[in-house]
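Below is one structure, written out as structure tokens; the observations come after it.
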Amino acid sequence: MQHFSKSVFQGNLKIKSRGSSRHHARLMGQVRYFTKLVTGRVVDISTNGIALDLQAPLYAAAGSKVRIECDDIGLLDGFVRWAHNGRIGIEFDRSSNASAKVASYFRFFHKDIKPVLKR
């Protein structure tokens, strides 16, 4: 079995990392994919995207368009970037006002918290 260094492995996969810093959060929200609505807890958030722990499976492939409904921020449109072990990562749609809504949330409401549980 051949071993690769992390940098070589990431280079081969052309992994694009998040361009803005993540902030831990404790917000509740729902992810809508077509007619399916799944409740989840926001794990972290940035002006480019959001990650949620979901309470039920959501069978949306990477690249699928979804909508996050969060009382504290509003409606956020985006695309699934990854899903693993009941957690989902969503990149905000750049043609929507999601980034502006999140920036406003950070300006007026966000309080930094420490995660309670780690996976």
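Positions 1 to 119 (full-length UniProt numbering) are the ones given, in order, by the sequence shown. Virtual Cβ for every residue (Gly too), placed ideally from N, Cα, C. Remember, it's a predicted structure, so these values are computed and weren't measured experimentally.
Check: Exposure label - Thr47; buried when at least 16 CB within 10 Å; Outcome: buried
Check: C-alpha distance - Ala60 paired with Ser99, whole-angstrom precision; Outcome: 22 angstroms
Check: CB of Ala56 within 7 angstroms of CB of Val38, strictly; Outcome: yes
Check: Same chain, Cβ closer than 7 angstroms to Tyr105, neighbours up to 5 away in sequence not counted; Outcome: Asp72, Ile73
Check: Three-state secondary structure (DSSP) of Tyr59; Outcome: coil
Check: Neighbourhood of Asp53 by C-beta distance below 8 angstroms, restricted to the same chain and skipping five residues each side; Outcome: Gly40, Arg41, Val43, Gly86, Arg87
Check: In DSSP terms, what Ala83 is bridged to; Outcome: Ile88
Check: Own chain, CB closer than 6 angstroms to Lys101, minus 5 neighbours either side, in chain order; Outcome: Ile73, Gly74
Check: Bridge-paired residues (DSSP) for Lys36; Outcome: Tyr33
Check: Under the three-state DSSP convention, the category Met1 falls into; Outcome: For Met1, the pLDDT reaches just 39, beneath the cut-off of 50, and the residue's location in the model is therefore unreliable, although a value from the coordinates is still provided. Met1 falls in the coil class under three-state DSSP.
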